[in-house]
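**Student:**
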Amino acid sequence: MIALGVMGDLWMGDAPLIRNLALDIPAGRWSCLLGASGVGKSAIARLIAGLPGPQRLKGRLIARDGLPLAGTVTMMAQGEHLLPWADLVQNVTIGARLRGAQPDMARAHALLAQVGLAGLEHRRPAELSGGQGQRVALARVLIEDAPIVVLDEPFSALDTATRLAMQDLAAALLKGRTVILITHDPLEAIRLSDRAWLLGPCGAEDLGLPEGATPRDFRAPEVLAAQAALLARLHRNIACAG
Amino acid sequence: MRWLTHLLLRAIAAAGFALTFWHFVVWATGVPGFILPGPARVGAALWDKAPLLWEHAQFTAVNLLTGLAAGVALGVVTALNLALSPGARVLLRPMLIFAQAVPVFALAPILTLWLGYGAASKIVIVMLVIYFPVTSAFFDGLMRLPAPMSDLALMMRATPLRRLVLLQVPHALPALGSGLRLAVVYAPFAVIIGEWVGASRGLGYLMLLANGRGQTDLMFAALFVLAAISFLLFAALETLAKGIRA
Numbered sequence: 001m002i003a004l005g006v007m008g009d010l011w012m013g014d015a016p017l018i019r020n021l022a023l024d025i026p027a028g029r030w031s032c033l034l035g036a037s038g039v040g041k042s043a044i045a046r047l048i049a050g051l052p053g054p055q056r057l058k059g060r061l062i063a064r065d066g067l068p069l070a071g072t073v074t075m076m077a078q079g080e081h082l083l084p085w086a087d088l089v090q091n092v093t094i095g096a097r098l099r100g101a102q103p104d105m106a107r108a109h110a111l112l113a114q115v116g117l118a119g120l121e122h123r124r125p126a127e128l129s130g131g132q133g134q135r136v137a138l139a140r141v142l143i144e145d146a147p148i149v150v151l152d153e154p155f156s157a158l159d160t161a162t163r164l165a166m167q168d169l170a171a172a173l174l175k176g177r178t179v180i181l182i183t184h185d186p187l188e189a190i191r192l193s194d195r196a197w198l199l200g201p202c203g204a205e206d207l208g209l210p211e212g213a214t215p216r217d218f219r220a221p222e223v224l225a226a227q228a229a230l231l232a233r234l235h236r237n238i239a240c241a242g
Numbered sequence: 001m002r003w004l005t006h007l008l009l010r011a012i013a014a015a016g017f018a019l020t021f022w023h024f025v026v027w028a029t030g031v032p033g034f035i036l037p038g039p040a041r042v043g044a045a046l047w048d049k050a051p052l053l054w055e056h057a058q059f060t061a062v063n064l065l066t067g068l069a070a071g072v073a074l075g076v077v078t079a080l081n082l083a084l085s086p087g088a089r090v091l092l093r094p095m096l097i098f099a100q101a102v103p104v105f106a107l108a109p110i111l112t113l114w115l116g117y118g119a120a121s122k123i124v125i126v127m128l129v130i131y132f133p134v135t136s137a138f139f140d141g142l143m144r145l146p147a148p149m150s151d152l153a154l155m156m157r158a159t160p161l162r163r164l165v166l167l168q169v170p171h172a173l174p175a176l177g178s179g180l181r182l183a184v185v186y187a188p189f190a191v192i193i194g195e196w197v198g199a200s201r202g203l204g205y206l207m208l209l210a211n212g213r214g215q216t217d218l219m220f221a222a223l224f225v226l227a228a229i230s231f232l233l234f235a236a237l238e239t240l241a242k243g244i245r246a
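Protein sequence lines correspond, in order, to chains A and B.
For what it's worth, UniProt numbering labels the leading residue of the first sequence as 1, then goes sequentially.
For what it's worth, UniProt numbering labels the leading residue of the second sequence as 1, then goes sequentially.
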């Protein structure tokens with residue numbers, strides 16, 4: 001389990017995007033970055049995943065165990081991004097093949113069954129629904145067994161019922177990993193995370209969350225109250241001090 | 001195979017309509033046969049001169065297919081090299097654009113001068129004509145890997161070769177298919193031009209010969225055989241493409 005620290009100013013090309021970031025991401029838990037579109041959520045996701053882009057961190061991104069981050073992160077992005085020409089098993093094992101490793105076919109089948117796609121192993125992505133596609137993407141993340149998992153708005157394109165089901169599935173299957181969940185859905189943040197930050201141009205605001213284990217029950221009064229408080233907080237404009 | 005039957009039926013229907021129209025035009029205008037023979041005369045020429053047509057068609061078809069295969073192979077290899085190596089892009093791309101800027105048909109006389117009246121000059125002309133569309137279409141497809149797939153390759157720290165084989169090539173196959181479709185359309189042009197410039201065999205040669213002797217019906221018959229070859233090529237390619245997609 002690896003804890004992460006993201007400290008400093010986030011720049012997009014020549015323009016500052018978020019000042020005074022100070023994210024202390026706990027090991028083995030779900031941390032959530034919440035914010036409006038364009039605030040820089042995906043930029044932070046790409047930063048942590050080590051992917052190229054216009055984002056620059058003027059500061060430090062450190063793993064608390066002191067080891068380099070490369071190779072410890074997998075990312076699941078918005079929209080399932082599966083390979084249209086390959087069947088589901090091949091889609092799940094593409095990571096191993098790209099690394100030049102022997103793909104573990106038995107594990108791929110087991111994971112596809114675990115995400116509820118038993119019997120569909122040899123379908124193509126075009127034959128799946130949106131929710132099923134995200135299940136494949138989740139299996140592809142799980143097979144990598146990385147200690148850090150970045151979920152960049154993974155369920156935002158799904159309908160509410162499918163989204164709730166996927167949240168429960170992801171919470172169960174990614175337990176014990178350091179998960180960074182990027183979302184703009186307040187309920188998703190409250191249901192799934194152990195820590196949550198609201199991102200704005202002046203930094204990240206630590207949000208209070210209800211007690212108790214995740215995934216939280218969306219009918220529980222404290223979850224509903226937290227959702228209401230968060231919606232009210234989002235509704236206010238964020239003004240930078242100083 | 002239903003789509004192939006469909007395609008054939010539609011082709012036959014269209015041909016039937018065209019033949020009727022043609023027959024009507026010849027009948028109504030009373031155009032002399034050496035200017036425009038009617039479909040019946042052309043059909044008769046096809047039947048009577050079948051051994052002659054078959055002999056010349058074989059020569060043309062073999063050159064066409066050889067040139068096509070060589071051009072496609074060369075184009076695919078070039079595109080793969082360009083995609084894999086930035087150094088190759090610096091060196092080869094200007095050459096590729098230059099190759100496109102020179103109208104290859106204009107090279108036909110030179111190629112015939114260098115390679116003679118035999119098969120070699122025809123094969124090389126076909127190869128040169130289809131080389132650019134194949135290379136360009138396939139290379140474009142290879143370079144247009146969607147960003148999420150590119151990210152996946154980065155996160156898995158894939159070598160450029162694995163990225164190429166596992167992601168870029170399968171992603172670019174439809175683009176290669178477009179290139180091949182162009183190639184199949186251009187190749188019969190190219191082989192006929194090659195034969196017109198200088199040949200002692202082939203359908204193009206036969207057409208010039210028939211034209212010179214006023215045997216317009218034979219010329220049309222040769223044209224029909226050529227069209228049939230083109231159609232067969234296209235149908236074969238479509239079958240192949242369907243097979244890959246399935």
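For every residue, glycine included, the Cβ atom is placed at its ideal position computed from N, Cα and C.
Quick caveat, the model's predicted, so the values are computed rather than measured.
1. Comparing the C-beta of residue 77 (chain A) with each C-beta of chain B, is any distance below 8 Å?
2. Name the chain A residues that come within less than 8 Å of residue 213 (chain B), Cβ to Cβ?
3. Out of A:213, A:194 and A:16, state which residue places its alpha-carbon closest to the alpha-carbon of residue 178 (chain A).
4. Using a Cβ-Cβ cut-off of 6 Å (strictly less than) and excluding sequence neighbours within five positions of residue 76 (chain A), which residues of its own chain qualify?
5. Buried or exposed, going by whether 16 or more other CB atoms sit within 10 Å of the CB of residue 98 (chain B)?
6. Tell me the rounded alpha-carbon separation between residue 171 (chain A) and residue 131 (chain A).
7. Out of A:81, A:211, A:53 and A:223, which one is the CA nearest neighbour of residue 148 (chain B)?
8. So which residues of chain A does residue 152 (chain B) contact, with C-beta pairs closer than 8 Å?
9. Please report the distance separating the alpha-carbon of residue 31 (chain A) from that of residue 189 (chain A).
10. So that I know if they touch, is there some Cβ in chain B lying closer than 8 Å to that of residue 49 (chain A)?
11. So that I know if they touch, is there some Cβ in chain B lying closer than 8 Å to that of residue 197 (chain A)?
12. Taking 8 Å as the CB-CB limit, is residue 200 (chain A) close to chain B?
13. Suppose contacts are defined by Cβ-Cβ distances below 8 Å. Is residue 68 (chain B) in contact with residue 126 (chain B) by that definition?
14. Alpha carbon to alpha carbon, what distance is there between residue 197 (chain B) and residue 133 (chain B)?
15. Would the beta-carbon of residue 180 (chain A) fall within 8 Å of that of residue 45 (chain A)?
16. Rounded to whole angstroms, how far is the Cβ of residue 160 (chain B) from the Cβ of residue 84 (chain B), which I believe are closer than 8 Å?
17. For the candidate residues B:8, B:211, B:56 and B:16, whose alpha-carbon lies nearest to that of residue 118 (chain B)?
18. Under a CB-based cut-off of 8 Å, is residue 144 (chain B) close to chain A?
19. In the structure shown, what three-state DSSP assignment does residue 11 (chain A) receive?
20. CB residue 38 (chain B) to CB residue 23 (chain B), shorter than 8 Å?
21. So for residue 55 (chain A), helix, strand or coil by DSSP?
22. Check the DSSP bridge columns for residue 281 (chain A) and list the partner residues they point to.
23. For residue 158 (chain B), would you say it is in contact with chain A, using Cβ-to-Cβ distances shorter than 8 Å as the test?
24. From residue 201 (chain B) to residue 59 (chain B), what does the alpha carbon distance come to, in whole angstroms?
25. Find the nearest neighbour of residue 25 (chain A) within the set A:218, A:149 and A:95, judged by alpha-carbon distance.
26. Skipping 5 residues on each side, what residues in its chain have a beta carbon closer than 7 Å to that of residue 243 (chain B)?
27. Counting only C-beta atoms, is residue 162 (chain B) closer than 8 Å to chain A at any point?
28. Return no unless some Cβ of chain D is closer than 8 Å to the Cβ of residue 148 (chain B).
29. Taking 8 Å as the threshold (C-beta atoms), are residue 69 (chain A) and residue 43 (chain A) in contact?
30. Can you tell me which of the three DSSP states residue 28 (chain A) falls into?
**Tutor:** This is what the structure holds:
1. Yes - at least one Cβ of chain B is within 8 Å of the one on residue 77 (chain A).
2. Within 8 Å Cβ-Cβ: nothing; residue 213 (chain B) doesn't reach chain A, min ~54 Å.
3. If we check each option's Cα against that of residue 178 (chain A), A:194 comes out closest.
4. Its chain contains 137, 141, 151 and 154 as the residues whose beta carbon lies nearer than 6 Å to that of residue 76 (chain A), once the 5 sequence neighbours on both sides are disregarded; these appear in chain order.
5. With fewer than 16 Cβ atoms within 10 Å of its Cβ, residue 98 (chain B) is classed as exposed.
6. Going from the Cα of residue 171 (chain A) to the Cα of residue 131 (chain A) covers about 16 Å.
7. It is A:81 whose Cα lies nearest to the Cα of residue 148 (chain B).
8. Those within 8 Å of residue 152 (chain B) in chain A are 81, 94, 95 and 98.
9. The alpha-carbon atoms of residue 31 (chain A) and residue 189 (chain A) are separated by roughly 9 Å.
10. Chain B, which has a Cβ nearer than 8 Å to the Cβ of residue 49 (chain A), makes this yes.
11. Not one chain B Cβ lies under 8 Å of residue 197 (chain A).
12. No - not a single Cβ of chain B is within 8 Å of the one on residue 200 (chain A).
13. Cβ distance < 8 Å, so residue 68 (chain B) and residue 126 (chain B) count as in contact.
14. So the two alpha carbons sit approximately 23 Å from each other.
15. Yes. Within cutoff.
16. Taking the Cβ atoms as the reference, residue 160 (chain B) lies roughly 6 Å from residue 84 (chain B), within the contact range of under 8 Å.
17. For the set B:8, B:211, B:56 and B:16, the Cα lying nearest the Cα of residue 118 (chain B) is the one of B:56.
18. With 8 Å as the cut-off, residue 144 (chain B) does not count as an interface residue toward chain A.
19. DSSP places residue 11 (chain A) in strand when its eight states are reduced to three.
20. Yes.
21. In the structure shown, residue 55 (chain A) falls within a strand segment according to DSSP collapsed to helix, strand and coil.
22. Limits of chain A in this structure are 1 at one end and 242 at the other, which puts residue 281 (chain A) out of reach.
23. With 8 Å as the cut-off, residue 158 (chain B) counts as an interface residue toward chain A.
24. Roughly 7 Å separates the two Cα atoms.
25. Of the candidates A:218, A:149 and A:95, the one whose C-alpha sits nearest the C-alpha of residue 25 (chain A) is A:149.
26. So no residue of the chain qualifies.
27. With 8 Å as the cut-off, residue 162 (chain B) counts as an interface residue toward chain A.
28. As a matter of chain content, chain D is missing from the structure shown, whose protein chains are A and B.
29. Not a contact, by the Cβ cut-off of 8 Å.
30. Residue state, collapsed to three classes: coil.
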